Amino acid sequence: MTVLRHWLKPEGRQTLGYHAALLGGVALLVSTAISVADWLTRVDITQRQLEDLQATLQQVVPASYYDNDLVRDTVTINDGGRAVTVYRARRKGQVQAVSYQVTAPGYGSSEMVMIVGVDRNGTLLGVRVISHAETPGLGDKIETSKSDWILGFSGRSLNDPPPDRWGVKKDGGVFDQFTGATITPRGVVKAVKGGLEFFTSHRAMLLDESSGGKG
Amino acid sequence: MSDYRGIFADGLWNNNVVLTQMLALCPLMAVTTTATNGLGMGLATTGVLLASNLVIASLRDFVAQEVRIPVFVLLIASLVTLADMAINAWLHELYKVLGLFIPLIVVNCCVLGRAESFASRQQVLASAADGLAMGLGYTLALVLIGSCREVLGSATLFAHASLLLGDGFAFLETTLIQDYKGFLLMLLPPGGFLVLGFLLAGKRAMEQAAKRSKVKEEFHCSVQ
Chain A
1 MTVLRHWLKP
11 EGRQTLGYHA
21 ALLGGVALLV
31 STAISVADWL
41 TRVDITQRQL
51 EDLQATLQQV
61 VPASYYDNDL
71 VRDTVTINDG
81 GRAVTVYRAR
91 RKGQVQAVSY
101 QVTAPGYGSS
111 EMVMIVGVDR
121 NGTLLGVRVI
131 SHAETPGLGD
141 KIETSKSDWI
151 LGFSGRSLND
161 PPPDRWGVKK
171 DGGVFDQFTG
181 ATITPRGVVK
191 AVKGGLEFFT
201 SHRAMLLDES
211 SGGKG
Chain B
216 MSDYRGIFAD
226 GLWNNNVVLT
236 QMLALCPLMA
246 VTTTATNGLG
256 MGLATTGVLL
266 ASNLVIASLR
276 DFVAQEVRIP
286 VFVLLIASLV
296 TLADMAINAW
306 LHELYKVLGL
316 FIPLIVVNCC
326 VLGRAESFAS
336 RQQVLASAAD
346 GLAMGLGYTL
356 ALVLIGSCRE
366 VLGSATLFAH
376 ASLLLGDGFA
386 FLETTLIQDY
396 KGFLLMLLPP
406 GGFLVLGFLL
416 AGKRAMEQAA
426 KRSKVKEEFH
436 CSVQ
C-alpha cells in the first residue's frame, strides 16, 4: 500500500518500480481488450471468411455440379510435402468436381495464389486468381476485373491442348501472353498444368473412389 | 481554453500531415492508386488517431516520461489490432478493400507523432480534436493524391466507391474517358511521388502568394 501511495506522487513516478508496473499494467490492459475483442469477433470473422471461400468456389465450380456443402466436404492430400486442401462438389453423393489452390512464383519474389475447379473427367471448369502482387497494368491482367484472359482455361484439360503446347505462345504454346509481361502468364499456365497433373495422380482419392467408391 | 479553430486549421492545412509535415508517405504511396482507396485509408487512420489521442491524453498523467514511447507504441498497436478485428467482422466489404492496409496504420508515424507532440501534453478534448483534425487533413491529402493518380492513370474517379461506402454512393463512380488505355506510371510509385511533388509546390506557391499580398497590404496601410 505504501508503494502504491508513493507512486501517486510525482516524485514516486521516477522509480524503476513504477516504470515496470506501468508497462506491465498497460500490457495487461491491452491484452485484456484484445482478448475480449477476439472473443466478440471470432464467430463473425470465421463466418465472413467462409462466405468469401464459398463465393470463390462458386466462380470455379458451377452450382449445377453439387448439392452438398462443398466448403465443409474437404480432403487434405499430401502432394510432395505440401498439404493441399481439396473441396469436393458432390451431387447425390458422387463427386462431380473438385476445387483446390495452386500457387506459382510471380514476377519478382511474390507468389500468385489461384484456385482451380476440375470436373471428374479432368476438364477445367474455371481458374481464378485469389491473390497476387503482379505489376498493376501489366501482370494484373490475370484478374477477371482487368481482362478475360483467365477465362480461357475453362474447358481445357491435359489433352487439350496436348502437353507440349501447354505454354504461352512465346514458348510455342497456345495461351496468349500480355504485352510487356510474359513471366506472369507463363507462371499461371505452368501452375494450372501442375494442378491438372495433381488431379491425374490423385484422381481416386479426390473422387473418393479409392475403396470401391460410394456410388 | 483550447483554440479549436487553430487546431483544425493546423490539421487540415497549416500543419497538414502530408503537405507540410511530409509524414506518413509510405502508406500514402501504397494506397493512393484510386481516390476510393485513399478515402478508406484516410478514414481508418482518422479513427485510430482519434482513439489513440483520446486514450493517451486520458492516461498522460500516469505515463512516466522515461517509458512513454513503449507505452504509446503498445497502445497504438492494440488500437489498430482492435480496428482490424472490428472491420473484418462487421464491415467485411470494406475489409476486402483495405485489409492489407489496416495493419500499416501501426507504422504510420503521424499517429505516434501526435501522441508525443500533442496528446501527451494537452487536455483530453483538445487531443481528440487534434486527432480528428490531423486525420481529416491526412484523408484530404490521400483523396487529393488518389484522385489525381486515378484520373491520370485510369481515367476514372472514385471507382468502386460503392464497395467502400455502400450502394448509396454509386453515383460517385465516374468514368471520364471510355476505353482509356491507361497511364501506368501514375499508378506505380513514381506517379505518387510526382503528384505529391506538384501538390507540395502548389501549396508553397499559394502560401507565398498569400504572404506577398499581406506584406503589400501592410505597406499600403503604413503609407496612408
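Protein chains in written order, with the numbering used here: chain A, 1 to 215; chain B, 216 to 439. Yeah, the Cβ is synthetic: ideal placement off N, Cα and C, and Gly gets one too. All values reported here derive from a predicted model rather than from experimental measurement.
- In its chain, beyond the 5 residues on either side, 95, 96, 97, 207 have a beta carbon closer than 7 Å to the beta carbon of residue 120 of chain A.
- For residue 45 of chain A, the uninterrupted alpha helix (DSSP H) run begins and ends at 16 to 60, by DSSP.
- For residue 19 of chain A, the neighbours in chain B by C-beta distance under 7 Å run, in chain order, 279, 281, 282.
- Our two residues, residue 102 of chain A and residue 20 of chain A, have alpha carbons roughly 49 Å apart in a direct line.
- With distances taken between CA atoms, residue 280 of chain B lies nearest to A:12 out of A:126, A:12, A:53.
- In this chain, the beta strand (DSSP E) harbouring residue 112 of chain A covers 111 to 119.
- For a cut-off of 8 Å, the C-beta gap from residue 348 of chain B to residue 269 of chain B is around 13 Å, too long to register as a contact.
- Taking a contact to require three or more Cβ pairs closer than 8 Å, the region 314 to 325 of chain B and the region 279 to 296 of chain B qualify as touching.
- Uninterrupted beta strand (DSSP E) stretches at least 3 residues long and entirely within the region 312 to 397 of chain B do not occur.
- Nearest in C-alpha terms to residue 173 of chain A, of all of A:163, A:74, A:181, A:180, is A:163.
- Where residue 105 of chain A is concerned, the enclosing beta strand (DSSP E) starts and stops at 94 to 105.
- Residues are counted here when their Cβ sits less than 9 Å from a Cβ of chain A; for the region 292 to 311 of chain B these are 292, 293, 294, 296, 297, 300, 301, 303, 304, 305, 307, 310, 311, given in chain order.
- Taking C-beta atoms as the reference points, residue 365 of chain B and residue 249 of chain B count as a pair closer than 7 Å.
- For residue 136 of chain A, a Cβ of chain B is located within less than 7 Å of the residue's own Cβ.
- Membership of residue 126 of chain A in the beta strand (DSSP E) is indicated by the continuous run 124 to 131.
- Per DSSP, residue 87 of chain A is one residue of the beta strand (DSSP E) stretching across 82 to 91.
- Under the three-state reduction of DSSP, residue 191 of chain A is assigned to helix.
- For residue 23 of chain A, the closest Cβ of chain B is nearer than 7 Å.
- A straight line joining the alpha-carbon of residue 301 of chain B with that of residue 176 of chain A spans about 42 Å.
- In chain order, 358 place their CB closer than 6 Å to the CB of residue 254 of chain B, counting only its own chain and leaving out the 5 sequence neighbours on each side.
- Residue 394 of chain B has its alpha-carbon roughly 48 Å from the corresponding atom of residue 93 of chain A.
- A Cβ-Cβ separation of about 17 Å leaves residue 259 of chain B out of contact with residue 45 of chain A under the 8 Å criterion.
- Here residue 71 of chain A carries a coil assignment [DSSP, helix/strand/coil].
- In this model, residue 337 of chain B and residue 271 of chain B are separated by some 10 Å (Cα to Cα).
- For residue 269 of chain B, there are no neighbours in chain A by C-beta distance under 8 Å, as the nearest C-beta there is about 14 Å away.
- When Cβ-Cβ separations below 7 Å define contact, residue 72 of chain A makes no contact with chain B.
- When the five nearest sequence neighbours on each side are left out, the beta carbons in the same chain lying within less than 7 Å of the beta carbon of residue 264 of chain B are those of 326, 329, 346, 349, 350, in order along the chain.
- Assignment of alpha helix (DSSP H) within the region 229 to 254 of chain B, counting only whole runs of 4 or more residues, yields 240 to 246 in chain order.
- For residue 104 of chain A, no chain B residue has a C-beta closer than 8 Å to its own C-beta; the minimum C-beta separation is roughly 20 Å.
- When Cβ-Cβ separations below 7 Å define contact, residue 41 of chain A makes contact with chain B.
- Listed by position along chain B, the residues whose Cβ is nearer than 8 Å to that of residue 128 of chain A form an empty set, because the closest Cβ is around 15 Å away.
- At a cut-off of 7 Å, the C-beta of residue 286 of chain B has a neighbouring C-beta in chain A.
- When Cβ-Cβ separations below 7 Å define contact, residue 400 of chain B makes no contact with chain A.
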